[in-house]
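K.L.:
Protein chains in written order, with our numbering: chain A, 48 to 257; chain B, 48 to 257. Note that CB positions come from ideal geometry on N, CA and C, so glycine has one too.
Number of protein chains: 2
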Amino acid sequence: MAGRPAGHQALLDAASAEFAGRGYYATSIRDIAARAGVSLSALYHYYPGKQALLAALLHEGMDAYFALCDDALAQAGRDPAGRLAAVVGATVRYRAERSVASLILINEARALPENLAAAYRERERQATDLFRSAINAGIATGIFTTPYPDDARRTIIAACNAVAQWYRPDGPVPLEVLAERYVTLAYTLLGYRRRTPLARSSSAAAAAQH
Amino acid sequence: MAGRPAGHQALLDAASAEFAGRGYYATSIRDIAARAGVSLSALYHYYPGKQALLAALLHEGMDAYFALCDDALAQAGRDPAGRLAAVVGATVRYRAERSVASLILINEARALPENLAAAYRERERQATDLFRSAINAGIATGIFTTPYPDDARRTIIAACNAVAQWYRPDGPVPLEVLAERYVTLAYTLLGYRRRTPLARSSSAAAAAQH
DNA sequence: CGAGTACAGTTGAACGCTCGTTAAGCTACT
DNA sequence: AGTAGCTTAACGAGCGTTCAACTGTACTCG
Chain A
48 MAGRPAGHQA LLDAASAEFA GRGYYATSIR DIAARAGVSL SALYHYYPGK QALLAALLHE
108 GMDAYFALCD DALAQAGRDP AGRLAAVVGA TVRYRAERSV ASLILINEAR ALPENLAAAY
168 RERERQATDL FRSAINAGIA TGIFTTPYPD DARRTIIAAC NAVAQWYRPD GPVPLEVLAE
228 RYVTLAYTLL GYRRRTPLAR SSSAAAAAQH
Chain B
48 MAGRPAGHQA LLDAASAEFA GRGYYATSIR DIAARAGVSL SALYHYYPGK QALLAALLHE
108 GMDAYFALCD DALAQAGRDP AGRLAAVVGA TVRYRAERSV ASLILINEAR ALPENLAAAY
168 RERERQATDL FRSAINAGIA TGIFTTPYPD DARRTIIAAC NAVAQWYRPD GPVPLEVLAE
228 RYVTLAYTLL GYRRRTPLAR SSSAAAAAQH
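1. If we ignore side chains and look at the alpha-carbon of each, how far apart do B/ASN162 and B/GLY96 end up?
2. Inspect the beta-carbon positions of B/VAL220 and B/GLY136 and report whether they are closer than 7 Å.
3. Along the chain, which unbroken stretches of the alpha helix (DSSP H) at least 4 residues long are found entirely within the stretch 106 to 171 of chain A?
4. Using a Cβ-Cβ cutoff of less than 6 Å, which residues in the same chain neighbour B/GLN152 once the five nearest sequence positions on both sides are dropped?
5. Of all the options A/VAL147, A/TYR141, A/GLY68, which has the alpha carbon lying nearest to the alpha carbon of A/ALA174?
6. Do B/LEU236 and B/ALA205 have their C-beta atoms closer together than 7 Å?
7. For a contact meaning CB atoms closer than 9 Å, what does A/TYR112 contact in chain B?
8. For A/ALA89, which of A/ALA158, A/ALA57, A/ILE190 has the nearest alpha-carbon?
9. Kindly list the residues whose CB is nearer than 7 Å to the CB of B/ARG82, restricted to its own chain and excluding five residues on each side of it in sequence; keep chain order.
10. Give a yes or no on contact between the stretch 167 to 181 of chain A and the stretch 99 to 119 of chain A, applying the rule of three or more CB pairs nearer than 8 Å.
11. Contact check, A/LEU222 vs A/ALA143 under 8 Å by CB: the rounded distance?
12. Measure from the C-beta of A/THR12 to each C-beta in chain B and report whether the shortest distance is under 7 Å.
13. Please state whether DSSP places A/ALA214 in a helix, a strand or coil.
14. Only counting the same chain, and skipping five residues up and downstream in sequence, which positions put a Cβ closer than 7 Å to that of A/TYR71?
15. Kindly indicate the opening and closing residues of the alpha helix (DSSP H) around B/ILE79.
16. On the CB-based measure, 16 or more other CB atoms within 10 Å of its CB, does B/GLY124 come out buried or exposed?
17. If you measure beta-carbon to beta-carbon, which residues of the stretch 56 to 77 of chain B are closer than 7 Å to chain A?
18. Using C-beta distances below 7 Å, list every residue in its chain close to B/ALA67, excluding the 5 sequence neighbours before and after it, in chain order.
19. Helix or strand or just coil, what does DSSP make of A/SER248?
20. Tell me whether A/TYR229 sits in a helix, a strand or coil according to DSSP, three-state version.
21. Three-state secondary structure (DSSP) at B/TYR234?
22. Taking Cβ-Cβ distances below 8 Å as the criterion, which residues of the stretch 135 to 169 of chain A are in contact with chain B?
23. Which partner residues does B/TYR239 have in the DSSP bridge list?
24. If contacts are defined as beta-carbon pairs under 8 Å, then A/THR192 and A/ARG240 qualify, I think. What distance do you get, rounded to the angstrom?
25. Per DSSP, what kind of secondary structure is B/GLY70 in: helix, strand or coil?
26. Any beta carbon from chain A within less than 7 Å of B/TYR195's own beta carbon?
27. Using Cβ-Cβ distances below 9 Å, what residues of the stretch 228 to 240 of chain B are close to chain A?
28. For B/ALA133, count the other beta carbons within 10 Å of its own beta carbon; 16 or more makes it buried, fewer makes it exposed. Which is it?
29. Following the continuous alpha helix (DSSP H) through B/ALA259, name the residue where it begins and the one where it ends.
30. In angstroms, rounded to a whole number, what distance separates the CA positions of B/ARG215 and A/ALA165?
31. Can you check whether the C-beta of B/ARG201 is within less than 7 Å of a C-beta belonging to chain A?
32. For B/VAL224, which of helix, strand or coil comes out of DSSP?
33. Less than 6 Å between C-beta atoms, sequence neighbours within five positions excluded: which residues of the same chain meet that for B/ARG170?
34. At a Cβ threshold of 7 Å, is B/ALA49 touching chain A?
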């Protein structure tokens, strides 16, 4: 056979497709092994069981997501608006380009047993905090003017996550355009007002002004 | 035994809680029967099987949702902004007050077999159209000014749906306040500009003006 | 009016099947 | 000789579903 990927990766890919398409409990390990083109027992040669396969997918997905966010944030500097744009852009890109992984992260994590679920929820919290801290920073400096930062954050995150469900690479909107657009939507939700020398409103800025 | 609800309703309630909490495939009909306080065979006296229980929950949930929307729209008149507010308000209320049913509608519909799934997807499409037609009407009359009506619609729907996941009735924000707030967020996303006598843009109004 | 009957409501036991997992062993390369 | 990679076969458990049988109640009919 032509040098196809090692069973290891073939199994991850197959499990990914099956879990995303039908859900963890609706997928049998026989389905996964068949799609990966290996026997049932070969699966157990690489992974100790079905749960381990899910856990591996969830952690790999989270690793890739945080890597993308960290990259974007490293280029973003200190401006809260830029940092928020970096996180929104990275999230939209990830949801679109890795929609299968995203669907698993979003829908299948609840199949984790409690001992693994705690660690996963912590990573989810960290992801939420990427949004939260950029938003809070912008509120503090007065560039984000929404009276409802928590609801705006939830809305922004929900909008980004939904991209995984409807985006198709052959659709009418190129991904880079879409990412820009979602940054704009986020700014709109947050009541983004560019800082101008004459119109600062945060108390610290006002104090510095006079 | 004191007049407890008929087995019929007890089974629906039990199935609802189990499906929402653990997912359709992770729930056994023995779990459902036990929670409902009836025997396994009694379940089959009321429903022909597990799938029928899910289908009944999905249809009941959709019926209740559309009833709420229809009520709100009947009181809303013809103004697109009012109609959009009615749909957003009804959706937020439903997601908050019937979060268990909402979680099933949102997450478990994919467990339907293909013959039932088609009819369900059609009802989902009708629900989406409640938003779409209000938004399109507002765009047509010029009160909604967003350049991205499709993305705004998806964002609004995703935000409303997410309410089912986080809202708790004992939380800090009363439901009516929350519903108002989400209407405001939707208006913000749509670039809502109230019509003023000097800035009408619909042709009929413009004709009357001159 | 009372016997007969039908049927809704419920039960415990079982069926056949698929599930996740394990065991034992074979091949080929190092 | 050892081990990575993979095979066939099987295990026990749990699944959705079915079955035969037993209640009580309500309705029919001589």
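P.N.:
On the basis of the coordinates in this document:
1. Sequence index remark: in the second sequence, residue 162 of chain B carries index 115 (1-based). Sequence index remark: in the second sequence, residue 96 of chain B carries index 49 (1-based). Linking B/ASN162 to B/GLY96 through their CA atoms gives a straight-line distance of about 16 Å.
2. Residue numbering aside, residue 220 of chain B sits at position 173 when the second sequence is read from its first letter. Residue numbering aside, residue 136 of chain B sits at position 89 when the second sequence is read from its first letter. Contact flag unset, no.
3. Those alpha helix (DSSP H) runs which fall completely within the stretch 106 to 171 of chain A and span 4+ residues are 127 to 144, 146 to 154.
4. In the second sequence, residue 152 of chain B corresponds to position 105, counting from 1. According to the sequence shown, residue 152 of chain B is Leu rather than Gln. Closer than 6 Å at Cβ, skipping near neighbours: GLY108.
5. What you label residue 174 of chain A is simply residue 127 of the first sequence in a count that begins at 1. For the residues A/VAL147, A/TYR141, A/GLY68, the minimum Cα distance to A/ALA174 belongs to A/TYR141.
6. Numbered from 1 along the second sequence, position 189 holds the residue referred to as residue 236 of chain B. Numbered from 1 along the second sequence, position 158 holds the residue referred to as residue 205 of chain B. No, these two residues do not count as a Cβ contact at 7 Å.
7. By one-based count along the first sequence, residue 112 of chain A stands at place 65. Chain order gives no chain B residues near A/TYR112, where near means a beta carbon separation below 9 Å; the closest approach is about 18 Å.
8. Locating residue 89 of chain A in the first sequence gives position 42, where the first residue counts as 1. Looking only at A/ALA158, A/ALA57, A/ILE190, the smallest Cα-Cα distance to A/ALA89 is reached by A/ALA57.
9. Residue 82 of chain B sits at position 35 when you count from the first residue of the second sequence. Within the same chain, B/ARG82 has close Cβ partners ALA61, ALA64, GLU65.
10. With the cut-off at 8 Å, the stretch 167 to 181 of chain A and the stretch 99 to 119 of chain A touch.
11. If you number the first sequence from 1, residue 222 of chain A lands on position 175. If you number the first sequence from 1, residue 143 of chain A lands on position 96. Correct: roughly 5 Å between the Cβ atoms.
12. Lying outside 48 to 257, the shown extent of chain A, residue 12 of chain A is not represented and no answer is given.
13. Counting from one through the first sequence, the residue named residue 214 of chain A turns up at place 167. Note on identity: in this sequence residue 214 of chain A is Tyr, with Ala being the wrong assignment. DSSP places A/TYR214 in coil when its eight states are reduced to three.
14. Here residue 71 of chain A refers to the residue found at position 24 when the first sequence is read from its first residue. So the list reads LEU101, GLU155, ALA158, once near-sequence residues are dropped.
15. In the second sequence, the residue the question calls residue 79 of chain B occupies position 32. Boundaries of the alpha helix (DSSP H) harbouring B/ILE79: 76 to 83, taken from the DSSP string.
16. In the second sequence, residue 124 of chain B corresponds to position 77, counting from 1. With fewer than 16 other CB atoms across the displayed protein chains lying within 10 angstroms of its CB, B/GLY124 is exposed.
17. Hits within the stretch, in order: GLY70, TYR72, ALA73.
18. The residue given as residue 67 of chain B occupies position 20 in the second sequence. VAL147, LEU150, ILE151.
19. Position 201 of the first sequence holds residue 248 of chain A. Any reading at A/SER248 needs caution, since the residue's pLDDT is 47, under 50, leaving its predicted position unreliable; the model's value is listed next. In the structure shown, A/SER248 sits in coil (DSSP, three-state: anything other than H, G, I, E or B).
20. Along the first sequence, read from residue 1 onward, the residue named residue 229 of chain A stands at position 182. DSSP places A/TYR229 in helix when its eight states are reduced to three.
21. Translated into positions along the second sequence, residue 234 of chain B becomes position 187. Note: B/TYR234 maps to helix in three-state DSSP.
22. From the stretch 135 to 169 of chain A, only ASN154, ARG157, ALA158 have a Cβ closer than 8 Å to chain B.
23. Counted from its first residue, the second sequence places residue 239 of chain B at position 192. For B/TYR239, which the question treats as bridged, DSSP gives the partners B/PHE191.
24. On the first sequence, residue 192 of chain A is found 145 positions in, with the first residue counted as 1. On the first sequence, residue 240 of chain A is found 193 positions in, with the first residue counted as 1. Taking the Cβ atoms as the reference, A/THR192 lies roughly 6 Å from A/ARG240, within the contact range of under 8 Å.
25. By 1-based counting over the second sequence, the position of residue 70 of chain B is 23. In the structure shown, B/GLY70 sits in coil (DSSP, three-state: anything other than H, G, I, E or B).
26. Locating residue 195 of chain B in the second sequence gives position 148, counting from the first residue. For B/TYR195, at least one C-beta of chain A is nearer than 7 Å to its own C-beta.
27. Cβ contacts with chain A come from ARG228, TYR229, THR231, LEU232, THR235, LEU236, GLY238.
28. Locating residue 133 of chain B in the second sequence gives position 86, where the first residue counts as 1. The residue in question, B/ALA133, is buried, as its Cβ has 16 or more Cβ neighbours within 10 Å.
29. No answer is possible for residue 259 of chain B: it lies beyond the span of chain B, which begins at 48 and ends at 257.
30. Residue mapping note: residue 215 of chain B aligns to position 168 of the second sequence, counting from 1. Residue mapping note: residue 165 of chain A aligns to position 118 of the first sequence, counting from 1. Roughly 21 Å separates the two Cα atoms.
31. Working through the second sequence from its first residue, we reach residue 201 of chain B at position 154. At least one chain A Cβ lies under 7 Å of B/ARG201.
32. Position 177 of the second sequence, counted from the start, is the residue given in the question as residue 224 of chain B. Reduced to three states, the DSSP call for B/VAL224 is helix.
33. Indexing the second sequence from 1 puts residue 170 of chain B at position 123. Cβ within range, chain order: MET109.
34. Position 2 of the second sequence, counted from the start, is the residue given in the question as residue 49 of chain B. Note that B/ALA49 scores 35 on pLDDT, short of 50, meaning its location in the model is unreliable and no value can be drawn from it.
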